[in-house]
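Chains as they are written, first to last, in this note's numbering: chain A, 1 to 144; chain B, 1 to 144; chain C, 1 to 144; chain D, 1 to 144. From the three backbone atoms N, C-alpha and C, an ideal C-beta is built for every residue, glycine too. Written out below as structure tokens is the structure these notes cover.
Number of protein chains: 4
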Amino acid sequence: MDDVLTIGKQVLASQPFSLLLHAELLYFSQGRAEIKVPIQPELKQQHGFVHGGVISYAADNALTFAGGSVLGPGVVTSEFKINYLRPARGDFLVAKATVIYSSKTQAVCRCDVFMSEEGKESLCATSQGTISKLPETPDSRTED
Amino acid sequence: MDDVLTIGKQVLASQPFSLLLHAELLYFSQGRAEIKVPIQPELKQQHGFVHGGVISYAADNALTFAGGSVLGPGVVTSEFKINYLRPARGDFLVAKATVIYSSKTQAVCRCDVFMSEEGKESLCATSQGTISKLPETPDSRTED
Amino acid sequence: MDDVLTIGKQVLASQPFSLLLHAELLYFSQGRAEIKVPIQPELKQQHGFVHGGVISYAADNALTFAGGSVLGPGVVTSEFKINYLRPARGDFLVAKATVIYSSKTQAVCRCDVFMSEEGKESLCATSQGTISKLPETPDSRTED
Amino acid sequence: MDDVLTIGKQVLASQPFSLLLHAELLYFSQGRAEIKVPIQPELKQQHGFVHGGVISYAADNALTFAGGSVLGPGVVTSEFKINYLRPARGDFLVAKATVIYSSKTQAVCRCDVFMSEEGKESLCATSQGTISKLPETPDSRTED
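Given below as structure tokens:
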């Protein structure tokens, strides 16, 4: 019985980069998506914190899934902006994205990224971006 | 003989996430930095293009290095914004960042990300962000 | 008896550009600010909608006031990003800003801009930005 | 003989808000636009500098004109991001925008805003954004 979350998990599992980062889709429904990334040693920078690139990956991907939840699977992130708030460490990251507004072709979404350390979540980054539906052509492809 | 590029390469080599992505510092001087990321299969999304998270990593890191070239090594990316322009594929990415303006504590930088395919470079993303100097305290740490 | 809102109204009233636009501070407290801009004919673009520059003014200023509510009066907007969602028209705009995170020197804030038409509010833009405390020097000045 | 600049000037002159700010289109050609805003007392904030909202207006509008130069007149600014670099003062602002990339429906543009004081220009803000072509329907309208 394929529900929305199962389909979303299959999409995430078909992204080699998401597999490399062991990302997991925690939640996926109309207008919302949550992606978890375990904080493993290879995701860090030179001072032991999570690399900003991992945080931006999590934000970008959760934004895309949130947009895709209202626009359909053929979507790309057109642009996004992120503010890093705190150095991230702990057990895992969770990027929580919601759709703020959507038209037929675009969705503007917001995503907060939390770090979880010993069961306590703190906000470590916040982002906002535009997800665009790809034109429906035989060779249309999603970017990420 | 440690020149600026050599020191920059050592910083990049001390970032486990940059090692995971096989990133390489191509150029590093006062106000400029270029980072190369080979396009390997594990950096892709479900349609064979480079995952947006890899592109944002390259932009973020090149922005940080450019900012660090004028502010010193103890810096973090406070925020950035990226527009994805084309699906990225080919042999490698090169993120080219320059400092637009800097004060004692911050630098505003711009970064264009190119994909290189059979020797031909095309622009695939453009970004802009703020790099901040960390306060000089005994426990100050860079974020990425 | 000068409360926080009264002080905020005095600051807004000392901005000639805010007077030109007849902006009004509706709400001002720790971590929150709301600014209203009546939609008058001279604030429009060529198709009868509110000019994007008016919407970005409202967002920028509400972001600055929200940041100032936690950092003190000597603040500037360092940067912000805005997504326009719908053409704006109606009786007035209200920009509602909240602080997402603050340190001693910076606050990251979010602002939604609503249009009000015949008593009904709809979201017409959403924005996110960084407010910075000015260094405490004799000649420190706020930017906006 | 209507050239491109003349047509652009007519568009700007049909924007009441641009008239209120005495904005002038200095340059307009395929992929480029420059808008000048004289620094008059009513455009300032409480410390005598140009209000950030004026700078963001100039950036937003120059971005839109640059996008319109390649996409046609029916365009809107979908989103943009701006970094303020220096408090602005002097005789006038000039916002200089260029198209970085365009497809059939969108253009990603960059805009630097300069202040001119006694004949000397200095960069006071830099911005980046997306301009979108409106769908060609009978009632399509530009936002700004």
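- Bounds of the beta strand (DSSP E) holding Thr98/A are 92–102.
- At a beta-carbon threshold of 9 Å, the residues of chain B lying near Ile100/D are Asn83, Leu85, Asp112, Leu123, Thr126, ordered along the chain.
- Assignment of alpha helix (DSSP H) within the stretch 23–83 of chain A, counting only whole runs of 4 or more residues, yields 52–71 in chain order.
- At least one C-beta of chain B is nearer than 7 Å to the C-beta of Val108/D.
- Proximity to Ala58/C across Ile100/C, Arg89/C, Val37/C peaks at Val37/C, based on C-alpha coordinates.
- At a beta-carbon threshold of 8 Å, none of the residues of chain C lie near Thr105/A; the nearest stands roughly 13 Å away.
- Counting of Cβ neighbours within 10 angstroms places His22/B among the exposed residues, the total staying below 16.
- In this structure Gly31/C touches Val99/C by the C-beta definition: roughly 4 Å separates them, less than 8 Å.
- With respect to the 7 Å criterion, Ser14/B and Gln40/A are not classified as neighbours on the basis of their beta carbons.
- Under a criterion of Cβ atoms nearer than 8 Å, no residue of chain B is adjacent to Thr64/D; the nearest Cβ is some 16 Å distant.
- Of the candidates Phe49/B, Glu34/B, Ser18/B, Ala125/B, Phe49/B places its Cα closest to the Cα of Asp91/B.
- Inclusion of Leu43/A and Phe114/B in the CB contact set at 7 Å is not warranted, their separation being larger than that value.
- Sorting Lys96/B, Ser102/B, Ser122/B, Glu121/B by C-alpha distance to the C-alpha of Asp112/B places Lys96/B at the top.
- Within the same chain, Cβ atoms closer than 8 Å to the Cβ of Tyr101/B are found at Ala107, Val108, the five residues on either side in sequence being excluded.
- The Cβ neighbour count for Lys81/B, taken over all protein chains shown within 10 Å, is at least 16; the residue is labelled buried.
- For Gly129/A, the three-state secondary structure derived from DSSP is strand.
- Listed along chain A, the residues sitting closer than 8 Å to Thr130/C by beta-carbon distance are Asn83.
- Straight-line measurement puts the Cα of Arg89/A at about 12 Å from the Cα of Lys120/A.
- Its Cα nearest to that of Tyr84/B, the residue Gln128/B stands out among Leu134/B, Ser29/B, Gln128/B.
- Put simply, the CB of Gln10/C is far from chain D, with every gap to its CB atoms at 7 Å or more.
- When Cβ-Cβ separations below 7 Å define contact, Gly90/D makes no contact with chain C.
- With respect to the 7 Å criterion, Ile131/C and Val75/C are classified as neighbours on the basis of their beta carbons.
- Assignment of beta-bridge partners to Val108/B by DSSP yields Tyr101/B, Thr130/B.
- DSSP, reduced to helix, strand and coil, places Ser18/B within a helical segment of the structure shown.
- Glu24/A and Thr126/A have their C-alpha atoms spaced approximately 19 Å apart.
- Residue burial annotation: Ile35/A is buried, with at least 16 other C-beta atoms found within 10 angstroms of its C-beta.
- The secondary-structure analysis by DSSP pairs Glu121/B across a beta bridge with Ser116/B.
- The distance from the Cβ of Ser69/B to that of Ala33/B is about 6 Å, consistent with a contact at the 8 Å cut-off.
- For the pair Leu71/D and Lys133/D, the CB atoms are nearer than the 7 Å cut-off.
- When the five nearest sequence neighbours on each side are left out, the beta carbons in the same chain lying within less than 8 Å of the beta carbon of Leu5/C are those of Leu25, Tyr27, Phe28, Ser29, in order along the chain.
- DSSP places Ala13/D in the uninterrupted alpha helix (DSSP H) bounded by 4–13.
- The C-alpha of Ile7/B is placed about 42 Å away from the C-alpha of Thr64/D.
- Ranked by how close their Cα comes to the Cα of Leu12/A, the residues Ser56/A, His51/A, Pro73/A have Pro73/A in first place.
- Under a criterion of Cβ atoms nearer than 7 Å, no residue of chain B is adjacent to Glu118/C; the nearest Cβ is some 36 Å distant.
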